[in-house]
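So the sequence shown is numbered by this note's numbering: it starts at -5 and just counts up by one. For each residue, glycine too, the CB sits at the ideal point set by N, CA and C. In what follows, a structure is listed as structure tokens, so that the remarks can point back to it.
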Amino acid sequence: MAKLQIMKCRDLGFNDDFIVIEQDREIAKKKMMDHILEKHKAEFEILSEMHQEEIRAKMDFLLTRGCGCGVKEL
-5 MAKLQIMKCR DLGFNDDFIV IEQDREIAKK KMMDHILEKH KAEFEILSEM HQEEIRAKMD
55 FLLTRGCGCG VKEL
């Protein structure tokens, strides 16, 4: 069974409960960025380029460590 990629919007600093669960890491990152730009666009765009890049880097980190619930594979 393939490892599921799990990422929570709240873990990126946004105040909602959106969660991406995907098998493909790149699809998971794209879905999360799509969500951020749809639901948190104003908040994201006022961030400096450095802080926006930190959020993108944190996505990679979150996808390598699991969701934080102690389960790395489902």
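| query | Taking contact to mean at least 3 C-beta pairs separated by less than 8 angstroms, is the stretch 36 to 48 in contact with the stretch 15 to 25? | reply | These segments do not touch.
| said: According to DSSP, simplified to helix, strand and coil, what is Q17? | reply: To locate residue 17, count along the sequence shown from 1; it is residue 23. DSSP places Q17 in coil when its eight states are reduced to three.
| If we ignore side chains and look at the alpha-carbon of each, how far apart do E32 and M1 end up? | Along the sequence shown, one-based indexing puts residue 32 at 38. Along the sequence shown, one-based indexing puts residue 1 at 7. Each residue's Cα considered, the two are about 17 angstroms apart.
| Same chain, Cβ closer than 6 angstroms to E16, five either side skipped, listed in chain order | As a first step, residue 16 must be located in the sequence shown, where it is residue number 22. If we look at E16 and ignore the five residues flanking it on each side, its Cβ neighbours are Q(-1), A22.
| Cβ-based neighbour list, L56, same chain, cut-off 7 angstroms, excluding 5 preceding and 5 following | For the purposes of this step, residue 56 is taken as the residue at position 62 of the sequence shown. Result list for L56: M1, D5, in chain order.
| query | If we ignore side chains and look at the alpha-carbon of each, how far apart do K(-3) and I49 end up? | reply | The count along the sequence shown starts at 1 and reaches residue -3 at position 3. The count along the sequence shown starts at 1 and reaches residue 49 at position 55. Put simply, the backbone Cα of K(-3) is about 23 angstroms away from that of I49.
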